[in-house]
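Read the structure below first, then the notes.
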């Protein structure tokens with residue numbers, strides 16, 4: 010699969026699947042496009058699906074830079090330019106939703122329908138504490154402790170109870186593929202600085218805000234706030250699924266997002 014050489018010489022891994030109107034699938038803090046693996050075949054039946062590994066993650070350059078949501082958004086904008094995509098729909102999960110907000114505000118002609126999944130507009134004290142703790146797990150406990158702790162932050166208890174044996178091979182893969190800790194710590198610092206709450210009223214893209222009631226990483230009140238502040242946004246919640254509800258409740262996630270994306 011191809012790479013894009015960014016303006017500063019770093020490389021961005023990306024994939025393109027299917028045909029139809031362009032649809033960007035943008036992953037969260039982990040940054041790896043494979044987050045969307047289960048969904049790509051379905052979305053690709055109706056859309057040209059574009060996904061990428063954020064800089065510093067996966068098969069993109071392991072850059073030790075000062076990460077920010079603005080920088081991540083600019084990387085994605087360069088990918089749009091490279092692929093000669095004038096305007097695309099976007100599904101952004103968590104940090105990917107922060108990227109989606111940024112592009113919808115700063116490049117409004119480039120973003121069509123926007124799905125904001127388990128995301129936030131500005132860090133509050135709860136969010137800061139949670140990510141400070143996650144950063145301390147990584148810096149003091151190491152990569153293995155960080156990856157093993159992810160399940161508690163990302164999945165509902167019943168999922169871990171029932172699926173732990175199936176999760177263990179994926180954890181081993183995640184540990185072996187994990188970027189240098191300083192890259193992830195810089196990414197955490199970058200998302201904690203993100204704050205576009207006061208700008209949300211300027212978003213003109215049609216927006217679906219979707220969350221899970223039992224998400225402890227980006228609690229439901231973040232989605233409720235986005236729904237209030239973005240003009241004419243639709244807001245809906247799944248009762249369960251945790252922060253990774255697109256994986257836990259994949260069929261429901263696709264049902265709701267496809268209905269929004271394909272409705273005229």
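Residue numbers (the numbering used here): 10 to 273.
Using N, Cα and C, we set each Cβ at its ideal position, and we do this for glycine too.
For residue 153, collect the residues of the same chain with a Cβ closer than 6 Å to its Cβ; drop the 5 residues on either side in sequence, then sort them by chain order.
Here the set comprises 184.
At which residues does the alpha helix (DSSP H) containing residue 22 begin and terminate?
Membership of residue 22 in any alpha helix (DSSP H) is not indicated; the residue belongs instead to the beta strand (DSSP E) covering 20-26.
Within 10 Å of its beta-carbon, does residue 145 have 16 or more other beta-carbons around it, so buried, or fewer, so exposed?
By the C-beta density criterion, residue 145 is exposed, having fewer than 16 other C-beta atoms within 10 angstroms.
Please work out which residues of its chain come closer than 6 Å, Cβ to Cβ, to residue 259, disregarding the five sequence neighbours upstream and downstream, and give them in chain order.
Counting only residues of its own chain and dropping the five nearest sequence neighbours on each side, residue 259 has a CB closer than 6 Å to the CB of 47.
Can you give the beta carbon distance from residue 61 to residue 123, rounded, assuming they're within the 8 Å contact cut?
Actually they do not touch by this definition, with Cβ atoms about 17 Å apart.
7 Å CB neighbourhood of residue 192 in its chain, flanking five on each side removed:
So the qualifying residues of the chain are 65, 71, 73.
Over the uninterrupted beta strand (DSSP E) stretch that includes residue 244, give me the two end residues.
Its beta strand (DSSP E) spans residues 243-247.
Runs of alpha helix (DSSP H) wholly within the segment 198-250 (minimum 4 residues, chain order):
Within the segment 198-250, the complete alpha helix (DSSP H) runs of at least 4 residues are 229-238.
According to DSSP, is residue 160 part of a helix, a strand, or is it coil?
Here residue 160 carries a helix assignment [DSSP, helix/strand/coil].
Proximity to residue 268 [Cα-Cα], best of 197, 52, 202:
When only C-alpha atoms are compared, the closest one is 52.
Cutting at 8 Å between CB atoms, please list the residues of its own chain near residue 86, excluding the five before and the five after it.
Closer than 8 Å at Cβ, skipping near neighbours: 112, 116, 119.
Taking the alpha-carbon positions, what's the residue 210 to residue 188 distance?
In this structure, the straight-line span from the alpha carbon of residue 210 to that of residue 188 is close to 36 Å.
Go through the segment 49-105 residue by residue and report every complete run of the beta strand (DSSP E) that reaches 3 residues or more, in order.
If we require 3 residues or more, the beta strand (DSSP E) runs fully inside the segment 49-105 come out as 57-61, 97-102.
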